[in-house]
Amino acid sequence: MAAYILRRLLLVIPTLFGIMVLNFVLTQFVPGGPIEQILARMEGGGDVFAGISGGGDSLPEAQPGSLQDRYVGGRGLPPEFIAQLEKEFGFDKPPLERFILMMWNYIRFDFGTSYFRSVSVVDLVLEKMPVSITLGLWSTLIAYLVSIPLGIRKAVRDGSSFDTWSSSIIIAAYAIPGFLFAIMLLVLFAGGSYYQWFPLRGLTSDNWDTLSLPGKIVDYFWHITLPVVASTISAFATLTLLTKNSFLDEIKKQYVMTARAKGLSEGRVLYGHVFRNAMLIVIAGFPALFIGVFFGGSLIIETIFSLDGLGRLAFEAAVSRDYPVIFGTLFFFGLMGLLIGIVSDLMYVWIDPRIDFAGR
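Taking this note's numbering, the leading residue of the sequence shown gets 144, the next gets one more, and so forth.
Dropping the structure here:
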């Protein structure tokens, strides 16, 4: 098994390198890079350039068709300023050199500083992480705690009226778009047209620092209830049906019939024999599911409930072409995702020692 783990770890290197190369190449063809974004923001910025070249009157005269001539008011941007921006952001170097330098820094876990926030990428991620951990962890846990017992019960009572109406509810819940369900929760329970049981926005209250420890716990769960419910609702269908089908597949096997023929109780057969085999794929997939929810984030859910998490950070970085944030988080999350794949394989072996990846 150690040799298998070592091979998988070595495979992480070219895989992660390929991910970074592909995304770096794609960004070279995307219009509106960071420099263009800054110039567009500064368009018509008045005296914002006064400290650069002594005010608007001292700026060089704009030539027709030049970059300066593209900006309003005749103030323009001096070529020296644009060259300074390119040098500061490293765009004065050829793409290959920039990529090699970027990868060298990332290998040392130096992810740089955001172009537009003047904050290191690591600090940005740590700042947004509590929101993503909240949504990812609680959504995954609740989905498992509800879906597994429900899926087992549906498998045991397959074809019954309970199985039929519960499947209808599950499929209907899965069909409802997450953003629409989130809006419905806000309207019904967060001060819309009906009740105001839950807060409208944020992860904590304004008086969080003055609350006692029990008060902070209650306030935390009070704020996360609606976002977690909204982000969890669509996960029930897949996980519940996966659990049900997995149990049905195991119940029909010969060893279950043999156990029943020996006089074992139905509970002993179900939870002593079937459960371990049926839950293999469900439980072993927990790390990947959590990481998927955690890293992917839910931009719509975060926006609707005014939560500032990794989903909004990734979206804003992509829109503003904030390359350090884009590539830094891509490298870190890509590395974590590849390592989680190895952890998932180890969980398969831990749950069922008969599985031997090393012998394949």
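Think of the CB as a built atom: it goes at the ideal place given N, C-alpha and C, for glycine as much as any other residue. Quick caveat: nothing in here was measured; it's all calculated off a predicted structure.
Query, Result
"Taking DSSP as the reference, what is the three-state secondary structure of Ala205?", "Here the model assigns Ala205 a pLDDT of 38, short of 50, so the residue's position is not dependable and the matter cannot be decided."
"Pull the bridge partners of Ser263 from the DSSP assignment, please.", "Thr256"
"From what residue to what residue does the alpha helix (DSSP H) around Arg411 run?", "Glu409 to Val412"
"Mind reading off the beta-carbon distance from Ile447 to Ile319? Whole number of angstroms is fine, and I expect it under 8 Å.", "That belief does not hold up - the Cβ atoms of Ile447 and Ile319 are roughly 14 Å apart, past 8 Å."
"Would you tell me roughly how many angstroms separate the C-alpha atoms of Ile367 and Arg296, rounded to the nearest one?", "29 Å"
"Would you say Gly176 and Arg464 are within 8 Å of each other, going by their C-beta atoms?", "yes"
"Kindly examine the ligand NAD and report whether one of its heavy atoms sits closer than 7 Å to the Cβ of Asn350.", "Among the components of this structure there are no ligands whatsoever, and the ligand NAD is therefore not found."
"Quick one: what's got a C-beta closer than 6 Å to Glu204's C-beta in the same chain, skipping five residues either side?", "The predicted position of Glu204 is uncertain, since its pLDDT is 42 and thus under 50; a value taken from the coordinates is nonetheless stated next. Excluding positions up to five away in sequence, the list is empty."
"DSSP puts Gln533 in a beta bridge; with which residues?", "In the structure as shown, the chain begins at 144 and stops at 503. Residue 533 is therefore absent and cannot be evaluated."
"Helix, strand or coil: which one does DSSP assign to Ile156?", "helix"
"Who are the Cβ neighbours of Ile285 in its own chain at under 6 Å, not counting the five residues just before and after it?", "Thr375"
"If we count Cβ pairs, one from each stretch, closer than 8 Å, do we get three or more for the region 256 to 274 versus the region 447 to 461?", "yes"
"What three-state label does DSSP hand Asp306 in the structure shown?", "helix"
"Taking Ile243 as the reference, which of Trp365, Gly477, Phe470 and Gly484 has the closest Cα?", "Phe470"
"Alpha carbon to alpha carbon, how far is Trp281 from Asp392?", "29 Å"
"Check each candidate in Ile443, Phe254, Ile276 and Thr277 and name the one with the smallest Cα separation from Asp266.", "Phe254"
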